[in-house]
Amino acid sequence: MSLLKNKIVFISGASSGIGMACARAFAREGAKVILAARRRERIEKLALELKEAFTTESKILSFDIQNYQEIKESFASLPEEWKNVDILINSAGLAQGMHKLQEGNPDDWDVMINTNIKGLLYLTREILPNMVKRESGHIINLGSTAGHDVYPSGNVYCATKFAVNAISQSLRIDVLDKSIKVSSVDPGMVETEFSVVRFSGDVERAKKVYAGVDPLTPQDVADAILYCATRPKHVNINEIILTPVAQAQSNFVVRKTT
Ligand code: NAP
Numbered sequence: 047m048s049l050l051k052n053k054i055v056f057i058s059g060a061s062s063g064i065g066m067a068c069a070r071a072f073a074r075e076g077a078k079v080i081l082a083a084r085r086r087e088r089i090e091k092l093a094l095e096l097k098e099a100f101t102t103e104s105k106i107l108s109f110d111i112q113n114y115q116e117i118k119e120s121f122a123s124l125p126e127e128w129k130n131v132d133i134l135i136n137s138a139g140l141a142q143g144m145h146k147l148q149e150g151n152p153d154d155w156d157v158m159i160n161t162n163i164k165g166l167l168y169l170t171r172e173i174l175p176n177m178v179k180r181e182s183g184h185i186i187n188l189g190s191t192a193g194h195d196v197y198p199s200g201n202v203y204c205a206t207k208f209a210v211n212a213i214s215q216s217l218r219i220d221v222l223d224k225s226i227k228v229s230s231v232d233p234g235m236v237e238t239e240f241s242v243v244r245f246s247g248d249v250e251r252a253k254k255v256y257a258g259v260d261p262l263t264p265q266d267v268a269d270a271i272l273y274c275a276t277r278p279k280h281v282n283i284n285e286i287i288l289t290p291v292a293q294a295q296s297n298f299v300v301r302k303t304t
């Protein structure tokens, strides 16, 4: 029987990309899923799809992860038994804009910092105490190669992912005596809605990010996350860095020219 059968898996960022791929991958393994994002209609549709495909039980939570009060109220609305989350996948995150710092927009910085750092902290703060009480659980954070090395005009986004890297390392120490696992899964280029969001809906510009590269798919990243979540009880995967074959670190990419 799958190790994940009936486990409760909370996935932020479930309305798109890596979070959505994780929802499908974990549901296929028999997990129960809590799907969180702002776009309620998307996660409702996903919940139906998972029910039909795998008879998955799910809950839908629609909140803006930048708002701690909204997170608290949403989490409190769950039935008691669903509050005992076994695995939290912190996938909600974004880049907004790509400018040299001297030309950057402080409003974009606020959104990235509030989502990628503060949002991840708020949600983890809400879910972790029940794991600590039960001395069991697994937090899986979506970091990035951008949390290991920087790229031009990546300043604030890279800073948020360096922060996620630090939070994962530090959290691992905080819960060391509680049998709680903490993993960081850090991809390079993954083709999702990430670049469309970064460039405010400019699909053509977003396509250029992946031109001439065979990028990672969201399923590739979900596979790595599933691997972390299915190791024996005594094994913690601290970190996985995965990139397309054509990419080394954040800033070295070889593109095929046709
Ligand atoms: P995506 O397709 O754009 O998905 C991002 C998800 O985050 C969406 O479900 C979105 O949901 C959610 N989100 C964004 N802002 C939110 C907010 N304020 N409140 C609640 N949810 C919010 O991008 P992705 O590539 O899957 O990104 C997932 C994670 O992987 C991010 O942390 C990203 O930094 C990281 N990552 C991505 C790449 C890449 O190349 N794509 C590489 C390395 C790391 P709603 O808009 O519905 O709220």
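Residue numbering for the sequence shown follows the working numbering, beginning at 47 and increasing consecutively.
Glycine included, every Cβ here is placed at the ideal spot set by N, Cα and C.
Every value quoted in this text rests on a predicted model; they were computed, and no experiment measured them.
In terms of Cα proximity to E98, the closest of A73, I80, Y114, M66 is A73. Taking a C-beta distance under 8 angstroms as the contact criterion, I64 and V267 qualify as a contact pair.
In the DSSP assignment, G183 falls within the unbroken beta strand (DSSP E) covering 183-188. Only exposed fits K302, as fewer than 16 other CB atoms lie within 10 angstroms of its CB. In this structure H280 is exposed. Its beta-carbon is surrounded by fewer than 16 other beta-carbon atoms within 10 angstroms. The C-beta distance from S199 to K146 rounds to 6 angstroms, short enough to fall under 8 angstroms. N136 is the residue among N136, P264, F100 whose C-alpha sits nearest the C-alpha of H184. With a threshold of 7 angstroms, the Cβ atom of A60 counts as near the ligand NAP, since some heavy atom of the ligand is closer than that. The bridge partners DSSP lists for N160 come to none.
In this structure, the C-beta of N162 approaches the ligand NAP to less than 7 angstroms from one of its heavy atoms. For V79, the shortest C-beta to heavy atom distance toward the ligand NAP is 7 angstroms or greater. Under the three-pair Cβ rule at 8 angstroms, the stretch 107-116 counts as touching the stretch 159-172. With contact defined as three or more Cβ pairs closer than 8 angstroms, the stretch 67-82 and the stretch 280-300 are not in contact. Between A275 and L50, the CB-CB gap stays under 8 angstroms. Along the stretch 257-303, the alpha helix (DSSP H) occurs as fully enclosed runs of 4 or more residues at 264-275, listed in sequence order. At a threshold of 7 angstroms, S190 counts as near the ligand NAP, since its beta carbon sits closer than that to one of the ligand's heavy atoms. For the stretch 66-102, the full-length beta strand (DSSP E) segments reaching 3 residues or more read 78-83 along the chain. Ranked by Cα distance from V131, the first of L222, N52, R244, Q265 is N52. Between the stretch 210-221 and the stretch 242-258, the count of Cβ pairs shorter than 8 angstroms is below three; the stretches do not touch. Boundaries of the beta strand (DSSP E) around L134: 133-136. Put simply, the backbone Cα of L166 is about 20 angstroms away from that of P152.
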